[in-house]
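Heads up: the sequence shown begins at 3 in my numbering, then just goes up one per residue.
Even for Gly, the Cβ is constructed at its ideal location relative to N, Cα and C.
Just below is one structure, and these are the notes that go with it.
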Amino acid sequence: MCDSFIHFKLPPQCDLKEFLLFAYDNLSLDNLEFLCILLWRIWFRRNKWIHERIWLDDESCYSWARLHQADFLEANCRKGDPPKKVVASPWQAPEVGYVKVNSDAAWCSKQKKFGLGSVICDYTGKVLGSVATPISSFVSVAVAESWALEKCASLAKQMGFSAVILESDCLGVIKALDSRTLHNSDISYVFDSIYEICNGFDMYKFSYTPRIGNQVAHSLVRTALSLENDQI
Numbered sequence: 003m004c005d006s007f008i009h010f011k012l013p014p015q016c017d018l019k020e021f022l023l024f025a026y027d028n029l030s031l032d033n034l035e036f037l038c039i040l041l042w043r044i045w046f047r048r049n050k051w052i053h054e055r056i057w058l059d060d061e062s063c064y065s066w067a068r069l070h071q072a073d074f075l076e077a078n079c080r081k082g083d084p085p086k087k088v089v090a091s092p093w094q095a096p097e098v099g100y101v102k103v104n105s106d107a108a109w110c111s112k113q114k115k116f117g118l119g120s121v122i123c124d125y126t127g128k129v130l131g132s133v134a135t136p137i138s139s140f141v142s143v144a145v146a147e148s149w150a151l152e153k154c155a156s157l158a159k160q161m162g163f164s165a166v167i168l169e170s171d172c173l174g175v176i177k178a179l180d181s182r183t184l185h186n187s188d189i190s191y192v193f194d195s196i197y198e199i200c201n202g203f204d205m206y207k208f209s210y211t212p213r214i215g216n217q218v219a220h221s222l223v224r225t226a227l228s229l230e231n232d233q234i
């Protein structure tokens, strides 16, 4: 597990407090954020081993941290950044010949379950199919978002579509899927399933959309949270 920001010289006999203070003084803001997320994941790994005897390898922790940092950066603006004009980005129709499958996932702490939602539309915006799925397992948001993409890919395959755009508002997952850079992660098995399904299409793409462009899938998430089983 290696990254350029790790390459700084620590003072001798450095304890944890000194290490964190040294990192604060020497790292860029992005790298300091990544370090904090990585340390959080390492603590999670420690608890996973102690309580469940499940070990997450270094690459898994690194990939998870990178994925969540991407989502964090997407969701938050820096203080001092120049103000940007907010431009609404509603759902964009796919090009002719493709269908677009939008997916979303959300956790309901009160019900202690995830809701997954997927909807398939053609280039005219006509809804061709949808699925709402409740999931009782407690997993990370990235895993749930990946499951939602897997569900929508499977639905598109079952309906016989050959050219598919898989779209989500989870930037980290979309980037990892598109670049195929996630390895040995606790969500890599979901990615493998998505790739296997997509290899059955003639053409496919992964696409990111802001939340405003994913409203129909998000409404299906709310429906899913009221269900006990899949609703297609």
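Query raised in the report: Do you know how far the Cα of residue 178 is from the Cα of residue 69?
Result: 7 angstroms
Query - Span of the beta strand (DSSP E), counted from its first residue to its last, around residue 245 - result: Outside the modelled stretch of the chain, which goes from 3 to 234, sits residue 245, for which no answer is possible.
Requested in this report: Using alpha carbons as the reference points, say which of 102, 60, 105, 226 lies closest to residue 41.
Outcome: 60
Report task. Pull up the distance between the alpha-carbon of residue 169 and that of residue 21, whole angstroms please. Result -> 41 angstroms
**Report entry** Contact check, residue 105 vs residue 63, beta carbons under 8 angstroms
**Finding:** no
Report task. Report all residues from its chain with a CB closer than 7 angstroms to the CB of residue 219; omit the five preceding and five following residues, and keep chain order. Result -> 104, 105, 106, 119, 120, 121
Query raised in the report: Which runs of the beta strand (DSSP E) spanning at least 3 residues fall entirely within the segment 136 to 212, listed in chain order?
Result: 165 to 170, 205 to 210
Query raised in the report: Apart from the five residues on each side of it in sequence, which residues of its chain come closer than 7 angstroms, Cβ to Cβ, to residue 99?
Result: 165
Query raised in the report: For residue 99, which three-state DSSP category applies?
Result: coil
Report task. Decide yes or no for the touch test of the segment 145 to 164 against the segment 38 to 52: beta carbon pairs closer than 8 angstroms, at least 3 of them. Result -> no
Query - Assigned exposure category for residue 133 - 16 Cβ within 10 Å defines buried - result: buried
Query raised in the report: Do you know whose CA, among 145, 224, 136, lies nearest residue 190's CA?
Result: 145
Query raised in the report: Roughly how many angstroms lie between the CA atoms of residue 123 and residue 114, to the nearest whole one?
Result: 30 angstroms
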